Amino acid sequence: MPELPEVETARAVIAEAALDREIAAVDDSDTWVCRPLPPGQIAAALVGRRLVAANRRGKTMWCDTSDDGPVLSLHLGMSGRIVVTDPDGHPVEGGDPVRGLSAVSPDRDPVWDRFTIEFADGGVLRLFDKRRLGRVGLDPDLTRLGPDAGQVRASDFRVRMSRGRAPVKARLLDQSVIAGVGNLLADETLWQARLDPHRRVDTLDRRDLDVLLRALRAATKRAIRRGGVHTGEVIAHRKPDGHCPRCGSPMARATVGGRTTWFCPVEQV
DNA sequence: CCATATGTTAAAAG
DNA sequence: ACTTTTAACATATG
């Protein structure tokens, strides 16, 4: 489920529940998720230290470590979640208040744990990721990430968004332009802004770009507050026979930016 | 078996 | 050379 809002929730969970706890052991044996580092390298870097801060830009998280240790980077990929447990093994859930993982969820099956930190107090932090597209590493390179979608300034947004002639949705999804927007948040934002996902960025005027940024900020804040991008107004209508929740027109499906795209062909122009 | 999936990125195409 | 699109990645699910 991870787009910017879900990642922010995961970051907040780490910040509130995983900091300043001594790390006793680390399982970094999944060489796909932890590539290209060899097994044991992340463990060697973390054991004996503590996480001291949890940061995020777009969908990338990183944690500073004590004693001038290296930075731990975490990316949830397409299906990753962060679970932190207290010393009694009880999960400290942030995240989706409606559909959050529960202690008895089948999603708890450890076969899908791709990376685990065991704290000296008995609790753990783990990356749970069925699809295995998440990534864990050390000292991440953030230079190829644009400014966070929730913090980018209007003037910067306009310049970055309007360069070139890609479809506006493809540009929203480009993490080097704006970091954090995924497929669902892009559809929600464009629907709120009443912009056709196909619109080439060079056809957007300043008014369009300001409307788009307002929609992006609102959709992002709302998704964080309500527990995820799937709580967006139009998301439930992204399906065959779905209808625009504003005007009732049948939703249209297309591929834009390489991703399945749903939009209202009447209102989004 | 086929299609689809909330992400990233190397390779190909333009 | 730079920008944009496609394909592939690993895995689960309908």
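Just so you know, we're using the UniProt record's numbering here: the first sequence kicks off at 1 and counts up by one.
Quick reminder that beta carbons are idealized off the backbone N, C-alpha and C, glycines included.
Note that the structure is predicted; figures quoted are calculated from it, not measured.
Reducing DSSP to helix, strand and coil, say where residue i ends up.
{"i": "Leu101", "result": "Bear in mind that the predicted position of Leu101 carries a pLDDT of just 40, short of 50, making it too unreliable to give a figure here."}
{"i": "Val83", "result": "strand"}
{"i": "Thr31", "result": "coil"}
{"i": "Glu22", "result": "strand"}
{"i": "Leu51", "result": "strand"}
{"i": "Asp96", "result": "Residue confidence is low: Asp96 scores 44 on pLDDT, short of 50, so the model does not pin down where it sits. Its coordinate-derived value is still stated next. Coil at Asp96, not helix or strand."}
{"i": "Pro110", "result": "helix"}
{"i": "Val229", "result": "helix"}
{"i": "Asp148", "result": "strand"}
{"i": "Leu212", "result": "helix"}
{"i": "Gln268", "result": "coil"}
In the DSSP output, which residue or residues are listed as bridge partners for residue i?
{"i": "Asn183", "result": "Paired residues: none, contrary to the question."}
{"i": "Pro91", "result": "Thr85"}
{"i": "Arg135", "result": "His75"}
{"i": "Val256", "result": "Arg259"}
{"i": "His243", "result": "Pro250"}
{"i": "Asp129", "result": "Gly80"}
If the criterion is Cβ atoms closer than 9 Å, does the pair residue i and residue j meet it?
{"i": "Arg200", "j": "Val168", "result": "yes"}
{"i": "Asp28", "j": "Leu37", "result": "yes"}
{"i": "Ala24", "j": "Val47", "result": "yes"}
{"i": "Leu195", "j": "Val181", "result": "no"}
{"i": "Asp139", "j": "Val33", "result": "no"}
{"i": "Asp208", "j": "Thr261", "result": "no"}
{"i": "Leu190", "j": "Phe263", "result": "yes"}
{"i": "Ala10", "j": "Leu74", "result": "yes"}
{"i": "Gly77", "j": "Leu133", "result": "yes"}
{"i": "Thr231", "j": "Arg238", "result": "no"}
{"i": "Leu4", "j": "Asp113", "result": "no"}
{"i": "Cys247", "j": "Val266", "result": "yes"}
{"i": "Thr85", "j": "Gly123", "result": "yes"}
{"i": "Gln192", "j": "Ala166", "result": "no"}
Shortest alpha-carbon distance to residue i belongs to which of the options?
{"i": "Ala44", "options": "Ala53, Arg126, Pro70 and Asp64", "result": "Pro70"}
{"i": "Asp174", "options": "Glu22, Lys59 and Arg49", "result": "Lys59"}
{"i": "Ala12", "options": "Arg225, Leu142, Asp202 and Leu216", "result": "Arg225"}
{"i": "Ala252", "options": "Val152, Asp202 and His198", "result": "His198"}
{"i": "Arg50", "options": "Gly40, Gln41, Arg57 and Asp67", "result": "Asp67"}
{"i": "Arg259", "options": "Gly40, Gln151, Leu184 and Thr31", "result": "Leu184"}
Tell me which residue opens and which closes the alpha helix (DSSP H) that residue i is part of.
{"i": "Asp121", "result": "Careful: Asp121 lies outside any alpha helix (DSSP H) and carries neither H nor E."}
{"i": "Val7", "result": "Leu4 to Ala17"}
{"i": "Ala45", "result": "Gln41 to Leu46"}
Looking at the unbroken beta strand (DSSP E) that takes in residue i, where does it start and where does it end?
{"i": "Met61", "result": "Thr60 to Thr65"}
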